[in-house]
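Protein chains in written order, with the numbering used here: chain A, 465 to 1052; chain B, 11 to 192. Glycine residues also receive a C-beta, built at the ideal position from the N, C-alpha and C atoms. Source: prediction; values computed, not measured.
So, in structure tokens, the structure goes:
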């Protein structure tokens, strides 16, 4: 007779077979049998967080920086509801998470039992799929399926809800099937004909631009290699979404910087004026497109995406290629090389004029800011942080707000998986727990959370986690005493009525660092900034860095809401030159 | 145009909406209907009618028929979003005007009143495969099968003649000819 295992044992056998090394979680009544089993599985390390949302974001940071799925373990009721924000965040940004939640025993489901909630009902709209395991005999297969669904096709979060009696019940364990049919949900059925069509468009383009996104990161490091080769072969300019940063080197001459609401002048104008737009693994998010009717009005549009529902969702495209970026771009590169016959050269001369135009736009230097000797400008702080950490293969996470955009604008990423930020959902409080997860996946690397003081307070409790596991994460707080992005919008659109956006009664971050048992550093003056940043980098342990920055700084350039790409508001230098006249005034 | 005070763009011009019928083959498991219906409500699509039942007990497959309205872009999205759901096997969509597809809906009507008025009701329903399911001196329960629009019309007509209760199944659909949808 085959050996029988309890549900809790089966959970761990599945995790072992799925090569899981770390789980982020928080115990509670309905998952105690699983926690009890933890001691028997030494290859799996459990990271105890301080709030289940932290577990979710840590798993996201872990997944985004390593390419492996993040695993979360929480209890029923509040444990499950607390993780909902992180699941939604992962769903929006296509991060593979497997969340295991405890549930009250099956006979109590539906009776409003203690710590009961309809977990699968609550998480249905924020997961790719979820399961309530009602029969112990289904458990192994559901667990394996959960990993499959989370990691194949467009990745995303899944949840497996396991009632307590199922965790105790016994049955046989079923190993994962190899080459299991992928449920028909993995889409990789593009044709050579489509590739040829794309090549034709490439050949005839005079004003092309490549717009790459998080799909390139999700497709793995090989996708970034393929993308780099593609850009080199074509000589085309490339811009990137927030999530795509790092897929193409941020300091390369062909890179135009980020596009979208706070993207560069050259990237957005190139998007607007181009005659060929090649979207690689991005989804025409509303922060990218601006006004839909006037989005890139004169271009042929190509969309390469693994998710067929992303195509024509917002912007109608002329050529859609549904497939994995690595495979599609790999094929494109091969075809270009095969057909070369001097094509790539002639094409580069085709677009010489376009590059001249782009250089003119670049001349605007749209990321400029007026630096100061008296107060630290937040942009300057990010630039110094970049200069002092760029040789270290640094991993950067962020919270959400002005600091996030400054980080995206001024920190140049050269490798994929080095940049973890909450883009789709825009979750304040993402960065600190995400840094915890990144550091777990990369114990020897420098991990910095570029934070705002308002955001970081939302998940500050995870400093305890960092201290417990001696994770040397650096929390670099651009402290402007405001919810800066809220204040900026209020300044621009609500007649400077700064309703509730001032961070009253902020804690003393140095004392806070002390209380958590980590190091606190404070910088208030531009002259001491470099030295203090270096001190932070050199310190072998977690650091909270309180960087006091100019509270009135705004994040520019910016596309005001409902405007097309070619109507940007530029920074203070340009505004002074042009005195925001005529059309510009209407925008502000 | 008024100045937008939001972080979002203002809605752009809308295309014309049409009525479509979706047929969705799903695993008959708990929660599957909630997933399909939740997708519609969560993404702001509307459901005019919904019919669902198991059609293959061996393979455990249910067939859901949904009548909805939307612009071509929205209809496309509904189809692609439905196809992404894990328990969904295939999705077909038809325009209401599609001549190759048969749409039918069944209705049960309870009619009460004087004999003469009830006769009037029966006459009006004759062309819709009328079946009388129950009769008393003062009431009748009848069954008709017709298009949604026809049932809309006839139930309106029967109201003053003594229709006191109506129950409808929602439309179901099937293609004409020997071919099946794959």
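Between the CA atoms of residue j and residue i - distance to the nearest angstrom
i: residue 702 of chain A; j: residue 980 of chain A; result: 43 Å
i: residue 1034 of chain A; j: residue 874 of chain A; result: 16 Å
i: residue 724 of chain A; j: residue 19 of chain B; result: 13 Å
i: residue 962 of chain A; j: residue 906 of chain A; result: 41 Å
i: residue 594 of chain A; j: residue 783 of chain A; result: 33 Å
i: residue 642 of chain A; j: residue 608 of chain A; result: 11 Å
i: residue 1023 of chain A; j: residue 732 of chain A; result: 9 Å
i: residue 735 of chain A; j: residue 666 of chain A; result: 16 Å
i: residue 822 of chain A; j: residue 728 of chain A; result: 11 Å
i: residue 616 of chain A; j: residue 559 of chain A; result: 11 Å
i: residue 913 of chain A; j: residue 947 of chain A; result: 17 Å
i: residue 647 of chain A; j: residue 96 of chain B; result: Residue placement at residue 647 of chain A cannot be trusted, given a pLDDT of 48 that sits under 50; the coordinates are not used to answer.
i: residue 54 of chain B; j: residue 124 of chain B; result: 46 Å
i: residue 846 of chain A; j: residue 941 of chain A; result: 10 Å
i: residue 176 of chain B; j: residue 120 of chain B; result: 6 Å
i: residue 730 of chain A; j: residue 945 of chain A; result: 32 Å
i: residue 684 of chain A; j: residue 484 of chain A; result: 18 Å
i: residue 532 of chain A; j: residue 520 of chain A; result: 14 Å
i: residue 965 of chain A; j: residue 917 of chain A; result: 12 Å
i: residue 1051 of chain A; j: residue 653 of chain A; result: Low confidence applies to residue 1051 of chain A: its pLDDT is 40, below 50, so where it sits in the model is not reliable enough to give any reading.
i: residue 972 of chain A; j: residue 1009 of chain A; result: 11 Å
i: residue 773 of chain A; j: residue 92 of chain B; result: 9 Å
i: residue 50 of chain B; j: residue 87 of chain B; result: 11 Å
i: residue 499 of chain A; j: residue 529 of chain A; result: 26 Å
i: residue 467 of chain A; j: residue 636 of chain A; result: 6 Å
i: residue 32 of chain B; j: residue 78 of chain B; result: 8 Å
Bounding residues of the beta strand (DSSP E) (the contiguous stretch that carries residue i)
i: residue 153 of chain B; result: 149 to 156
i: residue 783 of chain A; result: 783 to 786
i: residue 625 of chain A; result: 621 to 627
i: residue 915 of chain A; result: 911 to 916
i: residue 1010 of chain A; result: 1007 to 1012
i: residue 838 of chain A; result: Here residue 838 of chain A belongs to no beta strand (DSSP E), and DSSP marks it neither H nor E.
i: residue 178 of chain B; result: 173 to 178
i: residue 512 of chain A; result: 509 to 512
i: residue 862 of chain A; result: 859 to 862
i: residue 908 of chain A; result: Note, residue 908 of chain A: premise wrong, no beta strand (DSSP E); not H, not E.
Proximity of residue i and residue j at Cβ, strictly below 8 Å
i: residue 1081 of chain A; j: residue 850 of chain A; result: Outside the modelled stretch of chain A, which goes from 465 to 1052, sits residue 1081 of chain A, for which no answer is possible.
i: residue 35 of chain B; j: residue 100 of chain B; result: yes
i: residue 710 of chain A; j: residue 879 of chain A; result: yes
i: residue 780 of chain A; j: residue 741 of chain A; result: no
i: residue 186 of chain B; j: residue 111 of chain B; result: yes
i: residue 626 of chain A; j: residue 597 of chain A; result: yes
i: residue 516 of chain A; j: residue 473 of chain A; result: no
i: residue 476 of chain A; j: residue 510 of chain A; result: no
Contacts of residue i in chain B (Cβ-Cβ under 8 Å)
i: residue 750 of chain A; result: 18 and 19
Span of the alpha helix (DSSP H), counted from its first residue to its last, around residue i
i: residue 518 of chain A; result: 516 to 530
i: residue 142 of chain B; result: No alpha helix (DSSP H) contains residue 142 of chain B, which is instead part of the beta strand (DSSP E) from 141 to 145.
i: residue 135 of chain B; result: 125 to 135
i: residue 925 of chain A; result: Careful: residue 925 of chain A lies outside any alpha helix (DSSP H) and carries neither H nor E.
i: residue 555 of chain A; result: 548 to 556
i: residue 490 of chain A; result: Neither: residue 490 of chain A is in no alpha helix (DSSP H) and is coded neither H nor E.
i: residue 844 of chain A; result: 842 to 853
i: residue 672 of chain A; result: Premise fails: residue 672 of chain A lies in the beta strand (DSSP E), 672 to 676, not in any alpha helix (DSSP H).
i: residue 607 of chain A; result: 603 to 615
i: residue 478 of chain A; result: 471 to 481
i: residue 721 of chain A; result: Where residue 721 of chain A is concerned, there is no enclosing alpha helix (DSSP H), although the beta strand (DSSP E) it sits in stretches over 719 to 722.
Chain B residues whose Cβ lies nearer than 7 Å to that of residue i
i: residue 773 of chain A; result: 87, 90, 91 and 94
i: residue 776 of chain A; result: 83 and 86
i: residue 593 of chain A; result: 96
Proximal residues of chain A, C-beta to C-beta of residue i below 8 Å
i: residue 44 of chain B; result: 585 and 588
i: residue 52 of chain B; result: 589
Proximal residues of chain A, C-beta to C-beta of residue i below 7 Å
i: residue 48 of chain B; result: 588 and 589
i: residue 41 of chain B; result: 584
Contact set between residue i and chain B, taken where Cβ atoms lie within less than 9 Å
i: residue 513 of chain A; result: Here the premise fails: no neighbours, minimum Cβ distance about 28 Å.
i: residue 867 of chain A; result: Near residue 867 of chain A there are no residues of chain B at all, since even the closest Cβ is about 17 Å away, more than 9 Å.
i: residue 613 of chain A; result: 96
heavy atom of the ligand GDP below 7 Å from residue i C-beta
i: residue 854 of chain A; result: The ligand GDP is absent from the structure shown, which contains no ligand whatsoever.
Every unbroken beta strand (DSSP E) inside the region 727 to 767 of chain A [3 residues or more]: Taken in chain order, the whole beta strand (DSSP E) runs of length 3 or more contained in the region 727 to 767 of chain A are 740 to 744.
Which runs of the beta strand (DSSP E) spanning at least 3 residues fall entirely within the region 19 to 103 of chain B, listed in chain order? Those beta strand (DSSP E) runs which fall completely within the region 19 to 103 of chain B and span 3+ residues are 28 to 37, 59 to 66 and 71 to 80.
Hey, which unbroken runs of the alpha helix (DSSP H) at 4 residues or more fall wholly within the region 967 to 1003 of chain A? 973 to 980 and 990 to 1002, all fully within the region 967 to 1003 of chain A.
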